[in-house]
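Reading through the structure tokens given below for one structure.
Here it is in structure tokens:
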């Protein structure tokens, strides 16, 4: 079974620029999560989708971050404009139903 | 909200020894406790999990114990091997309805010396 796919794997941008990340979950998984992992810390949930609806976006900085999951499959996470403190690994995870979450390899973002 | 504390932050053991990582959580309603292993440049990999109706779970060299009264859970790795070297994260989830948000600890860097 193919795992969660993410692209790009690495991205370097200047502050105030915009960036987008893409995630393809495991086939058949209804739930999709985006996490932010700052160096030396555990992942922190940004947003959770159930099919194409948002379940929890309470920790998403909505003034600069946005996410969508069209047709209940792939998802994109966008940052506009980026700040230095957005430098982190952005992880996508998916879940068939219930608790177990399976993570992709992540996108490492560096904002200079 | 939920808060998860994880100790130690770093752990170094000799190959063949046991390793123990401990976590505490704050919300007594949490009912699911997974452990993830993260190797350099990779995403977290689920290695074992336990639900609140179970006190202990084993999978070969890995075991997890849960003490609901004290609100703490632990990961035990026996007969450690160099390939066990990684960062390990514990997490807790309230899990209900369609919301299964995970709150993670800060991680433990485990080094197994040959």
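Residue numbers (the numbering used here), protein chains in the order written: chain Y, 1 to 112; chain R, 113 to 226. All C-beta atoms in this analysis are idealised placements derived from N, C-alpha and C, irrespective of residue type, glycine included.
Our two residues, residue 49(Y) and residue 205(R), have alpha carbons roughly 16 Å apart in a direct line. Between the stretch 121-140 of chain R and the stretch 90-101 of chain Y there are fewer than three inter-stretch CB-CB distances shorter than 8 Å, so the stretches are not counted as touching. When rounded, the separation of the alpha-carbon atoms in residue 110(Y) and residue 82(Y) is 10 Å. Shown in chain order are the members of the stretch 48-61 of chain Y whose Cβ falls below 8 Å from a Cβ of chain R: 48, 50, 55 and 56. Under DSSP, no beta-bridge partner is assigned to residue 14(Y).
Residues of the same chain with a CB within less than 7 Å of the CB of residue 119(R), apart from the 5 flanking positions on each side, are 134 in chain order. Rounded to the nearest whole angstrom, the CA to CA distance from residue 171(R) to residue 98(Y) is 21 Å.
Per DSSP, the continuous beta strand (DSSP E) segment holding residue 200(R) begins and ends at 198-205.
Going by C-alpha positions, residue 217(R) is about 27 Å away from residue 226(R).
Taking the Cβ atoms as the reference, residue 176(R) lies roughly 6 Å from residue 185(R), within the contact range of under 8 Å.
In terms of beta-carbon proximity, residue 103(Y) lines the interface with chain R, with at least one pair separated by less than 8 Å. Within the stretch 81-103 of chain Y, the residues whose Cβ lies closer than 7 Å to some Cβ of chain R are 91, 95, 98, 99, 100, 101, 102 and 103, listed in chain order. The Cβ neighbour count for residue 27(Y), taken over all protein chains shown within 10 Å, is under 16; the residue is labelled exposed. Contacts with chain Y (Cβ-Cβ distance below 9 Å) from the stretch 132-163 of chain R involve 143, 144, 146, 148, 150, 153, 154, 155, 156, 157, 158, 161 and 163, listed in chain order. Here DSSP, grouped into helix, strand and coil, assigns residue 127(R) to coil.
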